[in-house]
Structure formats: C-alpha cells, structure tokens
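Asks: Here the sequence shown stands for residues 0 to 927, numbered as in numbering that gives the first Met the number 0. The structure follows.
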Amino acid sequence: MPALKFYFIRIFIFLFIFSFLSSTDLIAATFNIPPGDTTELINAINKSNEDSEPDIINLAKNTTYTLNSINNINFSKNGLPVIKTDITINGNNSTISRNLSAPSFRIFILTNPGKLTINDLTISNGYDDNLIDNYGGGGILNNGGELIINNSIIMENRAEGDGGAGLWLAGNSISKINKTKILNNYAGKDGSGGAIQKRGNANLIIDNCEIKDNFASNIGGAIYSGKDFDGSYGGLIYTTKTIFLNNSAKNNAGAIFNYEGNINISNSCFLNNSFKSIVNYPNYFINLVDNYWGSPDGPSGIGPGSGDYIEGKIYFNPFLSFCPLSSPSPSPSLTPIVLLPGMGGSWNTQAIITGGEGETWKKTPFVKVYDNLKATLTDNAGYVFNQDYFEFYYDWRKPLNNLASQLNNYLENTVLANKPLGTKVNLIGHSLGGLVARTYGQNFGLEKVSQIITSGSPHQGAIPAYLAWAGAKIGDPGSWEWIAMQLYLQIHKGIFNSPVKAVQNLSPSLKDILPVFNFTSPAIITGNSFLENLNTGISQELKNKLTTIDGLENDLNKDTIESIVLGERSLTDKLMGLWKDGKPITYNYTNLGDLTVLQKSSLIEGTNQITVNPASHRELMEKAEGIQAILNAIGLNNVTPKTSTNSLPRNPTLLFFLRSPAELSILGPDGNPPTNMINSIEDKLIVIYNAQDGNYQLTVSGTGIGSYSLDIGQLTDSQEVWQTIKNNTTPGKIDKYQLEFNSQNPKLNAISNTDQNTYLELARFQLEQLKNYINNQVNLSIKKKTDLINPLDKILTLISQNQIQNAILAAVQWRTKTFNYSDEIYLKQEISQAIEWLIKAYELNPLPTIKLASQKLLTAAKTEHQKTIKTIEKKVRGENEVIAEGLNLNEKYLKLAETDFKQNNYDLSQIYSLISRLLSNEVRKLIK
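In structure tokens, the structure reads:
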C-alpha cells in the first residue's frame, strides 16, 4: 500500500515538527488569579500578550471563572482576549464558563503566532452565534496558532453557522489534545463538527481522549474535516487511544465526516455513533486500522460486521474485536426532561421595556428557586443541560392556550429535533408552568409525553390571581417571582386609566387562573371559562400520566388564604373600577396550602397525588422533600436531591432597572458596592437583597445620547413602593442621586439629594418631555398644542426665576388644560411627576409660614375636599377614572398637609393644602 506508506511519512514529519515547536525554554512571567476573578484573568492575558516570552497563568483550585461580557470581536465575539503569544493556563481543576444569561460569545481565540497550553481546565457554555461569517468555535477558535490541551474538559459549548462547537481549527494551526473529554457540544443551524471542525492545513493530534455525546445539525457529529477558505486542504488528524461514543449528526456521519484531509486513527473505539459513523468523501483512502467498531465482527457499511457504519475509501482491516479502553459501552439514553418555571420565572428585557413580544425569554436573573432541581438532575442523575434536560422560558403574560402552542413548537424544534423517532419527554411544571404543561397535553395530545408533573399548580385557580385581577393587588410580599410582574406594571401603567385595566390588559394570563371554586362571601362567579373547560375536558389518559404535587406550609406567622369576606367599596374604588364584586374586608386562612395555592387546587382527583409536608410554594422546587417528590414521580427514586442553593431573602429588597444608553453603579450606606447585590449587566438590572437601611448613592453614567428611565422598587414586609427617575444623558454625563431607604417606612419619593438643582433638572426634563410629546401628536390642532405648551413654558420660566412655589401651583393648574384630551390620564401622570420633583426642591428651601396661616389653609383644604366628595356622590354615577385620579391626588396631598401640620412643618403643610384645594376645584370642574 504505497499511499499508506506515504501517509506514515507525513505523520512522522508532523510529529517531529510539533515536538520541536513545543520545546521552548524561556523565562516565564507568572500570574496567580484569585478565585472567580475574571477581570484579573483578562488582565493577565493582556499583559502576557505584550511581550514574546512565555508566561504562565495559574487559576485558583476548584473554582469557576464566569464570563459575563464580550471582550473583543475578532473572528466574531470572544469572552477572553486574543492569545497572541506563548501562554500556559494551569486550570487546577477549575472552570472557565460563559454566564448563560450573558450575550453570546466563544471562550478562547488563538491566532498566529500565539501558542496556548491548557492544563486541567473545564471550558463550557461558549456560544458562537455568528451566521454571517464562516468562523465557528463555541469553546476555542485556533486560526494559525499552536494549541495544547491536557487533562481538561471541553463541554456544553455551542456554535451556529459553521460549527466546530467545541473547537474550530484552521489556517496552518497545530493542535494537540491529550487525556481530555470533549462532551455534549452542539453545532446548531447548519453547523458541522459538533466537537471539532478542522479546516485546510490545520494539523490535529488526539491522544487518549473521550469524545462523547456531541451533535451537529449538518454533518460530522464529533469531527468535520474540510477545506480552508482559500481552498487549501491536506492537514493531518492523528488519533490514538480515543473513544468516540454516542455522537450524532442530523444529516451524515455521527463520528467523523472527512470532506478533505488526511486521517489516521488507531487503537480507538467507535460506539453508537449515528447517522452513520464515519464517511470519507474524497477519492483517496484514510487509515483507520486497529480500531474497535462496537462489535467483534467489525464495522458495518463497507465493513463485514454489525458495528458502527463506515462509508468511502477507508482502510479498516485489521480491526479489534474488543475495546481496549475504559467506558466502552454506550450510556443508556435518558428520558428528556423539560422544566417549566412559574409566573415571573422567565425574563426578556426588551419585552418588559416595550410591552412587545420578545423573541427569546430566559431565566429571570434574581430567581434561584429552580437551581437545585437543575443541579440534582445534571450533577446526580447524569442529565446534560440542553441535551436531555431543558428549561422552557416563556412569556407569562399570555393566555395559557398561546403558551401551550409555544411549548409544542419548543418540543418539536428544540427538545426532540435530534432525538430518535418516538422519543417522549417528561414535563415538570411549577405553579403556572404546570398549567402550561397540562394545557399542552390536553390541546396537542400525549404522543410526545411520558409524564407530566405539576408542583403547586392552581388547577382550580389561585386566590392571589383574583386579588390582582379585581383589585390590582399584585403578588406575594415573600415571592421573588412576582417582582417581574410588578416591574412590568410599573413601566407601563401610565398608558391605562386605572390599575385594574393595566393588570387586565398587560397580563391576560391571570384571567386563566382565577378561582373556579367558591371562595368569597357573598359568592361570586369569576368567569374563568378557560379553566372550567380545561377541567371538564381532562381525559383519563392524561390523568394516568399526570402527577399533581401540593405543599403544606408550616409557617408560624402566616397561612394560605382560603376565603374572603367582601364588603362595601370606597368612593375611589367605585370610580376606578376596583373590586367590582365588593372590597375584601376579611381574609380567612388555612394551613391546607403552600401560602399561595390551596391543596384542593393543587391536586386533581384520579391522578398520582403527592403531598409534601412541610413545604411552601417556593420550597416545593427548592427543598429536598419537594425535589424528591418530583424524582419519585419520574422514576428517579435512587437519585439524591442536591440542595446547595437557597433563595435569597426577599425582604427588604431594593431593585433598580435602568432603561437607557447609560450604566448604573451603586454604593451602599457604608460607601462601598453592596456585597449582597445581584447585577445583571446585560439587562441593566440590579437587585440588593436583605437591603440595609440608610443612604444609597446611585450614579448614572451616560454611554450614548438620549433619555433614560431608572425604575426603583423598595420591597418590604409592610409595603412595596415604586418610583421612576427620568432624565437626559450624553456620553460622559454623570448623574448622582441619593436614595434614602427605611425598610420600616419606605418613602413614596425616596430620592434625598441635598442639592436643589438636581430636583429642578428632573422637573425641567419632565416638562420638556411633555412639550415634545404634545408637539408630536399629529391629531392635535396647532391651537390645542399652543394652549397646552404655552403654560408649560411659563412653568419653566418660573423655575428659572427660582419661584418654586408658583411653579408648583401653575403645574397643578395646568392639569385642567388636558380635559377631554384622549391621553388625559397620561399627561396628568407626567405633570404630577414634575410636581413631585418641584416639591422635593421646595422642601429644601420653603417659604416661611406661621402656624395660624397654615392652619387656615388646611381648614380650607378640608372644606373644599368635603365639598368635592358630596358633589361626586350626588352627580357621578358609575366608573370615572379621570375623576378618581384627581380625587386620589387630592386625598394624598390633604393627608400630607395634615401630617406636616401635626409635626409643626407649617411651611410644607401650606403648599400641600394649596395643592389639595386646586385639585378639589379641578375635580368639581370635571363633574360640571
């Protein structure tokens, strides 16, 4: 065989050159990186790149370095700097991983003349999603450099487009991989080379490795070898003592597809690789002698036996009758699992901001309740994330029928896309997620379903949903999941005339979980036809596959609401359309529930019922007992729950959400960045849990030109207060705000700057925004625009003249200019925010007022208020949100006037009394 003789000569030359290139002996600089400190890791690589000498980077032992942002965009996006010189990274059994919530980017990139040696390191979650160029590599891209990997793991990386999810090798690069596992990497779209893609003259040595469970959406589930972009080919792949196990490709060659290139593999094992195992496309032979093919009688295809299928010109004889390596048997396949989180457990920044659809939803950054179940399945049960364990994040605002349809698409296009025909899945849903899974089963059938497990799901509805739907009373003060809903409503409430209309329009899914059992006195009908029809239509076939899990809490301080006594509504309730069935005046409680959902709603008769006692709604998914119930339901009885993660303390919490071309930084009361802080940089979302009382310093740094909105939530046991700061920014502009936090009595406006100019700037911005909004309304006549804008200009003039009290009163009076305008409520809410900032400025330098004068003004304000109430009761019938909004403000400022008068703050009491009187007059004018 002359071709084979030539082949071995080339291999000898290649190995000789590689050993020569690897024998440098220069003085190295050494960098020791603190645990988890990715900033220092990046700095060390940058410093190493500054000279040509070999350098060593030592990572801390047994830790994870999580990358959160893109470092550069060479050959697509990268999380670490380009390796340009000789660098050795000693991993010490640590991991470098991309945060799954971060933007997509690969981990390492290496270019000529760079040399990278990796020892004892796991590289995971890299993701190259670039579909424009032909470069791939989710974990590592080596384009012309020298790469050595020893005793490491390359796992769970992904690459779209060109592929090479684990490694992408091209140019005249040289790569040697020794005693390393390349596992569960995924080449999506039309990508080839699930584990490795090698192009052109790149040379690759693989020795004593395990290449397992990799997938390519096109060809070459483990390895694809092809031409480089300039048409060159011929580089070598030399492999010994390596297992190729359970790799698959959608179109062809689960183990290796050789389009162009020279391959020599010996003393290795090929087991259960599909569709087909190895395909050699060129019209010349590759050498695969002395290998085991999964059967003693050799490979199938061009071979004589029943082992892995091979095709093309391949020397395979002689072959081995057994695998000489460890782990020769294919792993048994696992039933795929899909987790469906509850309401608020999914997040999409764009959708939350705009109120639009949002393409891809992800895990809500501050929700950790599902982490233990994931760890149990992936660490203790052999599941691999996004291979046989999946998490379905969804738009919880939508009706359940819509969500069931989205789940169907997700199962078909993601979970089952690369699974054998007939594969069934286990659906595990918590709370609302369980109802999504059950609705899917009833709407789309059970062909794809092995089992459905619902934990704490309201099959008969949930009373908290009624409180939100009927009275805009949102959520559970102890629940992280409801925060996403609260923030969403805070952003968009201004476009609705009442909080109830905001809830019902922004989150129609709540209607689908209104209770269908009797829970009020007197009894009411919620009109939840969806759930009534779902319960009527449940089949025995579904019940046979359905496990319903409930929790019984043992909290000494609170229980689950069982029923509500309804009473008379207030005048404001009637005007605003709140509590149409009657306002809750008494709540009756029971211990037969999980603090959110009653036991009788969580369980369905005729299903496999499991009660976890004790367990709250959250603990059903977080504690060992709740996780064990799920494991038992899907037949994983022998798996031990992993419970190393606990949900963070919910109250007191500060939440900051920045919508802007800007960045936000925060210092705590001690003058340092809080250590109890979750900072999702991508989402511009900061959560400070277990927040301490005191003053927090907020800095908004402009990165672009435009306006920003900073939403602030003060979440405590006693109440939850939201406010929004709006202002302009430009690159380099710095805005500083001080937030005064008192967890026992959070302020409605907690900004407490001592500089009056800050508040005046915020007020001016609100007024200018109003002017721009009015000017942009095409349906308004020039006269109407003038009537609205001229008084705003006068208010701005008063501010410039430092006549703050007059500016406040003029702003209140401007509200009457908006009568009968289509956006009346919105305009009034915007001017009210300007008034709030003007009042904050006024508080710093109020006009002196004696007690008697303040008392007379307060008495007059009370008289005007009573007169207004009587007028409303006499002349207004039914709902009127415009009058309700004015009356609410009237009562708010009258209460402030009374409070400040009692505290001897006569100057502040005076301005509040004046505002209250003007608002009383406004409401009466509306009635006329």
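Yeah, the Cβ is synthetic: ideal placement off N, Cα and C, and Gly gets one too.
1) Apart from the five residues just before and just after residue 35, which ones in its own chain have a Cβ nearer than 8 Å to its Cβ?
2) How big is the Cα-Cα spacing for residue 836 and residue 827?
3) At the level of alpha carbons, what is the spacing between residue 168 and residue 694?
4) Could you tell me if residue 269 is buried or exposed, where buried requires 16 or more neighbouring beta carbons within 10 angstroms of its beta carbon?
5) Taking the continuous beta strand (DSSP E) assigned at residue 310, which residues delimit it?
6) CA-CA distance, residue 239 and residue 323?
7) With DSSP as the reference, label residue 130 as helix, strand or coil.
8) Who pairs with residue 457 in a beta bridge, going by DSSP?
9) Give me the Cα-Cα distance between residue 149 and residue 173, rounded to the nearest whole angstrom.
10) Counting pairs of Cβ atoms below 8 Å between the stretch 247 to 267 and the stretch 214 to 232, do you hit three or more?
11) Going along the chain, which residues of its own chain have a beta-carbon closer than 6 Å to the beta-carbon of residue 724, five neighbours each way excluded?
12) Which class does residue 578 belong to by DSSP, given the choice of helix, strand or coil?
13) Please go through the stretch 815 to 879 and give each complete alpha helix (DSSP H) segment of 4 or more residues, from N-terminal end onward.
14) Just to confirm, is the Cβ distance from residue 339 to residue 436 under 7 Å?
15) Going by Cα to Cα distance, which pick from 652, 909 and 548 is closest to residue 614?
16) Tell me where the beta strand (DSSP E) around residue 443 begins and ends.
17) State the DSSP-derived secondary structure class of residue 676, mapped to helix, strand or coil.
18) Which class does residue 380 belong to by DSSP, given the choice of helix, strand or coil?
19) If I'm right that residue 726 touches residue 760 with Cβ under 8 Å, what's the distance once you round it to whole angstroms?
20) Please determine if the stretch 576 to 592 and the stretch 544 to 561 are in contact, where contact requires at least 3 C-beta pairs separated by less than 8 Å.
21) If I measure Cβ to Cβ from residue 374 and keep anything under 6 Å in the same chain, skipping five residues before and after, which residues do I get?
22) How should residue 72 be labelled, buried or exposed, when 16 other C-beta atoms within 10 angstroms of its C-beta is the threshold for buried?
23) Please give me, in chain order, every unbroken run of the beta strand (DSSP E) with length at least 3 that falls completely inside the stretch 565 to 649.
24) Taking 8 Å as the cut-off, does the stretch 886 to 906 touch the stretch 858 to 868 (at least 3 CB pairs, one atom from each stretch)?
25) So, helix, strand or coil for residue 886, using DSSP?
26) Is there contact here, the stretch 275 to 287 with the stretch 193 to 207, by at least three beta-carbon pairs under 8 Å?
27) Check each candidate in 147, 141 and 145 and name the one with the smallest Cα separation from residue 164.
28) For residue 470, report the span of its alpha helix (DSSP H) as first-last.
29) Measure from the alpha carbon of residue 525 to the alpha carbon of each residue in 560, 357, 740 and 467, then state which is nearest.
30) Grouping DSSP H, G and I as helix and E and B as strand, with all else coil, what is residue 549?
31) Using the three-state DSSP reduction, which class does residue 473 fall into: helix, strand or coil?
32) Start and end of the beta strand (DSSP E) containing residue 767?
33) How many Å lie between residue 77 and residue 132 at the Cα?
34) If you reduce the DSSP assignment to three classes, tell me which class residue 328 lands in.
35) Nearest by alpha-carbon distance to residue 481: which of 506, 458, 493 and 496 is it?
36) Could you tell me which of 367, 439 and 417 sits nearest to residue 402, measuring between CA atoms?
Replies: The short version:
1) Sequence index remark: in the sequence shown, residue 35 carries index 36 (1-based). Once the five neighbours on either side are set aside, the close Cβ partners of residue 35 are 59, 62, 63, 64 and 65.
2) Counting from 1 along the sequence shown, the entry for residue 836 is found at position 837. Counting from 1 along the sequence shown, the entry for residue 827 is found at position 828. Whole-angstrom Cα-Cα distance: 14 Å.
3) Residue numbering aside, residue 168 sits at position 169 when the sequence shown is read from its first letter. Residue numbering aside, residue 694 sits at position 695 when the sequence shown is read from its first letter. Distance between the alpha carbons of residue 168 and residue 694 is about 53 Å.
4) Numbered from its first residue, the sequence shown carries residue 269 at position 270. Classification for residue 269: buried.
5) Along the sequence shown, read from residue 1 onward, the residue named residue 310 stands at position 311. Residues 308 to 311.
6) Taking the first residue of the sequence shown as position 1, residue 239 is located at position 240. Taking the first residue of the sequence shown as position 1, residue 323 is located at position 324. One C-alpha to the other measures close to 11 Å.
7) If you number the sequence shown from 1, residue 130 lands on position 131. The answer is coil: DSSP assigns residue 130 none of H, G, I, E or B.
8) Walking along the sequence shown from the start, residue 457 turns up at place 458. Answer is none; residue 457 lacks a bridge partner.
9) To locate residue 149, count along the sequence shown from 1; it is residue 150. To locate residue 173, count along the sequence shown from 1; it is residue 174. So the alpha carbons of these two residues sit roughly 14 Å apart.
10) yes
11) The residue you call residue 724 lines up with position 725 of the sequence shown. Closer than 6 Å at the Cβ level, and outside the excluded window around residue 724, lie 709.
12) Counting from one through the sequence shown, the residue named residue 578 turns up at place 579. The answer is coil: DSSP assigns residue 578 none of H, G, I, E or B.
13) 823 to 843 and 850 to 874
14) As a first step, residue 339 must be located in the sequence shown, where it is residue number 340. As a first step, residue 436 must be located in the sequence shown, where it is residue number 437. Closer than 7 Å, so yes.
15) Residue mapping note: residue 614 aligns to position 615 of the sequence shown, counting from 1. Ranking 652, 909 and 548 by Cα distance to residue 614 puts 548 first.
16) Here residue 443 refers to the residue found at position 444 when the sequence shown is read from its first residue. Unbroken run through residue 443 is the alpha helix (DSSP H), 431 to 443; no beta strand (DSSP E).
17) As a position in the sequence shown, residue 676 is number 677, starting the count at 1. In this structure, residue 676 counts as strand in the three-state DSSP scheme.
18) Taking the sequence shown and counting its residues from 1, the one referred to as residue 380 is at position 381. Three-state DSSP puts residue 380 in coil, outside helix and strand.
19) Mapped onto the sequence shown, residue 726 falls at position 727. Mapped onto the sequence shown, residue 760 falls at position 761. 7 Å between Cβ atoms; contact.
20) yes
21) Stepping through the sequence shown from its first residue, residue 374 is reached at position 375. Contacts found: 641.
22) Reading the sequence shown from its first residue, position 73 is the one you call residue 72. Residue 72 should be labelled exposed.
23) 582 to 589 and 607 to 611
24) yes
25) Within the sequence shown, numbered from 1, the residue matching residue 886 stands at position 887. Three-state result, residue 886: helix.
26) no
27) Mapped onto the sequence shown, residue 164 falls at position 165. Among 147, 141 and 145, the Cα nearest to that of residue 164 is on 141.
28) Residue mapping note: residue 470 aligns to position 471 of the sequence shown, counting from 1. It spans 462 to 470 - the alpha helix (DSSP H) in which residue 470 sits, taken as one unbroken run.
29) By one-based count along the sequence shown, residue 525 stands at place 526. Of 560, 357, 740 and 467, the residue nearest in Cα terms is 467.
30) One-based indexing of the sequence shown puts residue 549 at position 550. Three-state result, residue 549: strand.
31) As a working mapping, residue 473 is identified with position 474 in the sequence shown. Three-state result, residue 473: coil.
32) Translated into positions along the sequence shown, residue 767 becomes position 768. Taken as a continuous stretch (DSSP letters only), residue 767 belongs to no beta strand (DSSP E), being part of the alpha helix (DSSP H) at 755 to 774.
33) The count along the sequence shown starts at 1 and reaches residue 77 at position 78. The count along the sequence shown starts at 1 and reaches residue 132 at position 133. About 14 Å.
34) Taking the sequence shown and counting its residues from 1, one reaches residue 328 at position 329. Residue placement at residue 328 is flagged as unreliable, the pLDDT there being 39, under the threshold of 50; the coordinate-derived value follows with that caveat. Correct three-state label for residue 328: coil.
35) For the purposes of this step, residue 481 is identified with residue 482 of the sequence shown, where counting begins at 1. The option with the nearest alpha carbon to residue 481 is 506.
36) Here residue 402 refers to the residue found at position 403 of the sequence shown. The shortest C-alpha separation from residue 402 is found at 439.
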